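Quick note, the sequences are listed as chains A and B, same order.
Using the numbering used here, the first residue of the first sequence is number 2, and each one after it goes up by one.
Using the numbering used here, the first residue of the second sequence is number 111, and each one after it goes up by one.
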Amino acid sequence: MKHRLVFAFTAALFLAGLAAADTKDPATATKAPRTADGHPDLSGIWAFAIDLPPVTLKKEINGKVSLTDIDSSAARPAQGPVPGALPSTPAPSYKPEFRQKVKDLFDNESKTDEVFYCGKPGVPRIGPPRRIIQLPGEIVFLYEDISGDPYRIIPTDGRAHRKDANPSYYGDSVAHWEGHTLVVDVTNFLENGWFGEGGYFHTDAMHVTERLWRDGKNLAWQASVDDPKVLAAPWIMPPRVISPSTDPLEESPPCVEDDAHRLLNSDHHQQR
Amino acid sequence: MRHKISATLILVALLLAAGAVWAHHSPSAVFDMSKPFTLTGTLTKVDWYNPHITVYLDAKKDDGSIENWKFESNPPSWFRRVALARDDFAKAIGQTVTVEGVRAKAGGAYGYLLKITFPDGNSLELVVKGPLNSQ
């Protein structure tokens with residue numbers, strides 16, 4: 002009986018400790034849903050997270066006027082602090098010898114950026130996924146993008162990166178859980194892609210880490226980029242908060258760039 | 111008419127100011143934002159392509175000849191988020207529509223569509239958030 006009391010007391014203390022730790026964890030504090038294996042459930046359709054023109058539609062039908070706004074918040078850095086996010090900076094820091102190249106690329110973006118010509122944005126420029134399907138041992142990210150509608154099938158069973166994969170825009174991904182955060186490790190990129198608007202070129206040494214967690218009903222996404230060949234230090238990008246969506250994924254229409262020959266200057270911005 | 115012109119000019123000014131956050135390119139990189147114009151003609155085709163949708167208009171010139179105009183507009187993903195589909199334009203193919211827009215700086219029969227008015231008087235218009243909403 003005495004042993005049972007001691008065990009119960011110890012167990013109560015242990016559970017109380019866990020509870021105390023959990024209340025410090027933003028994901029648990031907001032009672033994020035969980036999958037059968039106990040991990041936070043990131044599944045679902047999430048808001049479109051690519052920048053769109055900040056324009057309202059004014060529709061006049063049979064004399065009745067309606068205004069429809071768009072919400073591009075998922076495409077932008079979160080406003081205000083995001084629980085669980087790492088300290089970030091607004092822009093990467095390149096080694097001094099590469100800063101002029103970044104400026105030149107940005108100044109001539111309409112000629113130098115593959116994404117302007119319907120190219121693949123790659124990771125992390127494409128941003129958070131539009132849909133997540135969370136399965137035992139793997140997680141699937143689906144995207145909508147003008148370059149096509151890419152997908153990523155990411156092992157979460159502890160396996161290592163593939164050794165036989167060709168370099169690509171989206172790289173090779175493996176993921177694991179750190180507490181309530183899914184950490185996606187991405188390597189094996191093609192050289193000379195851009196990891197962000199602004200001429201942020203990278204080499205084949207780029208290493209990206211994406212972190213995804215639940216922020217209440219929302220999804221939080223934050224990526225960091227390391228490229229020791231050109232960056233002075235790893236860049237931790239500002240986090241984004243993406244709200245759940247009922248807008249189903251739809252095949253993106255074909256991309257036919259027809260403006261480049263009409264551009265009289267290099268002034269175009271913000272593909273992502 | 112005067113109010114209509116001033117509203118269009120304000121819209122153009124706001125579009126110019128908003129250029130830094132447009133999806134593909136700033137309109138001012140391609141179009142002369144200081145010269146809004148209105149064109150009436152027959153809607154012949156609608157391309158629901160990225161990075162911009164395109165509508166085609168056959169308009170009669172002063173000498174009676176037909177000029178084939180092409181107007182690009184916002185990306186399909188924007189139209190989708192404001193609940194408009196290709197058919198909202200394409201249903202008027204073969205009919206007379208009026209387009210308000212701006213011309214390409216490079217010249218030619220090319221513009222950016224800011225408003226389209228259909229034969230039944232219904233219209234779709236791109237309005238920058240803020241001041242124009244209250245007009």
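We put the beta carbon where it would ideally sit given N, CA and C, even for glycine.
Keep in mind the model is a prediction, meaning the values are calculated, not measured.
What does the Cβ neighbour count give for residue i, buried or exposed, with the cut at 16 atoms within 10 Å?
i, result
"residue 94/A", "exposed"
"residue 226/B", "buried"
"residue 71/A", "buried"
"residue 121/A", "buried"
"residue 234/A", "exposed"
"residue 63/A", "exposed"
"residue 235/B", "buried"
"residue 34/A", "exposed"
"residue 48/A", "buried"
"residue 91/A", "exposed"
"residue 174/B", "exposed"
"residue 182/A", "buried"
"residue 154/A", "exposed"
"residue 195/B", "exposed"
"residue 177/A", "exposed"
"residue 202/B", "buried"
"residue 147/A", "buried"
"residue 211/A", "buried"
Starting from residue i, trace the alpha helix (DSSP H) in both directions and tell me its first and last residue.
i, result
"residue 101/A", "97-108"
"residue 94/A", "Segment: none, residue 94/A is in no alpha helix (DSSP H) and carries neither H nor E."
"residue 179/B", "Careful: residue 179/B lies outside any alpha helix (DSSP H), inside the beta strand (DSSP E) at 176-182."
"residue 200/B", "196-200"
"residue 158/B", "Run containing residue 158/B: none; DSSP gives neither H nor E here."
"residue 188/B", "186-191"
Measuring straight from C-alpha to C-alpha, what distance separates residue i and residue j?
i, j, result
"residue 211/B", "residue 250/A", "31 angstroms"
"residue 205/A", "residue 172/B", "58 angstroms"
"residue 206/B", "residue 232/B", "12 angstroms"
"residue 141/A", "residue 145/B", "48 angstroms"
"residue 86/A", "residue 60/A", "40 angstroms"
"residue 164/B", "residue 132/A", "29 angstroms"
"residue 158/B", "residue 229/A", "42 angstroms"
"residue 167/A", "residue 193/A", "15 angstroms"
"residue 99/A", "residue 223/A", "25 angstroms"
"residue 53/A", "residue 190/B", "11 angstroms"
"residue 135/A", "residue 217/A", "18 angstroms"
"residue 200/B", "residue 228/B", "11 angstroms"
"residue 151/B", "residue 167/B", "6 angstroms"
"residue 105/A", "residue 192/B", "36 angstroms"
"residue 132/B", "residue 199/A", "Its pLDDT being 45, under 50, residue 132/B is placed unreliably by the model, and the measurement read from it follows with that caveat. Rounded to whole angstroms, residue 132/B to residue 199/A spans 14 angstroms at the Cα level."
"residue 75/A", "residue 130/A", "11 angstroms"
"residue 221/A", "residue 78/A", "11 angstroms"
"residue 103/A", "residue 127/A", "19 angstroms"
"residue 50/A", "residue 248/A", "12 angstroms"
"residue 217/B", "residue 154/B", "21 angstroms"
"residue 118/A", "residue 125/A", "18 angstroms"
"residue 151/A", "residue 252/A", "10 angstroms"
What is the C-beta distance between residue i and residue j, in whole angstroms, given that I count them as a contact (C-beta under 8 angstroms)?
i, j, result
"residue 116/A", "residue 240/A", "Not quite, the Cβ-Cβ distance comes to about 22 angstroms (not below 8 angstroms), so this is no contact."
"residue 219/B", "residue 180/B", "6 angstroms"
"residue 178/B", "residue 255/A", "Not quite, the Cβ-Cβ distance comes to about 22 angstroms (not below 8 angstroms), so this is no contact."
"residue 169/A", "residue 191/A", "6 angstroms"
"residue 138/B", "residue 162/B", "With a Cβ gap of about 15 angstroms, residue 138/B and residue 162/B do not count as contacting."
"residue 238/B", "residue 56/A", "6 angstroms"
"residue 165/A", "residue 188/A", "The pair is not a contact, with the Cβ atoms about 13 angstroms apart (cut-off 8 angstroms)."
"residue 265/A", "residue 215/B", "5 angstroms"
"residue 195/A", "residue 260/A", "Actually they are not in contact, since the Cβ atoms of residue 195/A and residue 260/A sit about 19 angstroms apart, beyond 8 angstroms."
"residue 68/A", "residue 215/A", "That belief does not hold up - the Cβ atoms of residue 68/A and residue 215/A are roughly 32 angstroms apart, past 8 angstroms."
Between which two residues does the beta strand (DSSP E) holding residue i run?
i, result
"residue 214/B", "206-214"
"residue 240/A", "That residue, residue 240/A, is in no beta strand (DSSP E); it is neither H nor E in DSSP."
"residue 214/A", "208-216"
"residue 222/A", "219-227"
"residue 178/A", "173-179"
"residue 186/A", "182-188"
"residue 197/A", "195-197"
"residue 80/A", "Per DSSP, residue 80/A belongs to no beta strand (DSSP E) and is neither H nor E."
"residue 61/A", "56-62"
"residue 41/A", "Taken as a continuous stretch (DSSP letters only), residue 41/A belongs to no beta strand (DSSP E), as it is neither H nor E."
"residue 153/A", "152-156"
"residue 225/B", "220-227"
Within 7 angstroms of chain A by C-beta, residues of the region 151-172 of chain B in sequence order
Taking a C-beta cut-off of 7 angstroms against chain A, the contacting residues of the region 151-172 of chain B are 158, 159, 160, 161, listed in chain order.
In chain order, what residues of the region 252-268 of chain A put their CB closer than 7 angstroms to some CB of chain B?
Cβ contacts with chain B: 253, 254, 255, 256, 257, 258, 260, 263, 264, 265, 266, 268.
Got a sec: which bits of the region 59-74 of chain A sit with their beta carbon under 9 angstroms from any beta carbon on chain B, in order along the chain?
Listed by position along the chain: 59, 60, 61, 62, 63, 64, 68, 69, 70, 71, 72, 73.
Quick one, which residues of the region 220-245 of chain A are near chain B if we go by CB-CB under 7 angstroms, in chain order?
If the cut-off is 7 angstroms between Cβ atoms, the region 220-245 of chain A has nothing near chain B.
Using a Cβ-Cβ cut-off of less than 9 angstroms, list which residues of the region 200-223 of chain B approach chain A; keep chain order.
Answer in chain order: 214, 215, 216, 218, 220.
Given a limit of 9 angstroms on CB to CB distance, which residues of the region 42-59 of chain A reach chain B?
Using a CB distance below 9 angstroms, the part of the region 42-59 of chain A facing chain B consists of 49, 51, 52, 53, 54, 55, 56, 57, 58, 59, ordered along the chain.
Contacting positions in the region 127-142 of chain A - beta carbon closer than 9 angstroms to chain B:
Within the region 127-142 of chain A, no residue qualifies.
Closer than 9 angstroms, Cβ to any Cβ of chain A: which residues of the region 182-194 of chain B, in chain order?
So the list reads 182, 184, 185, 186, 187, 188, 189, 190, 191, 192, 193, 194, given in the order they occur along the chain.
Output, in sequence order along the chain, the residues in the region 149-183 of chain A whose CB is closer than 9 angstroms to any CB in chain B.
Correct list: empty, as no residue qualifies.
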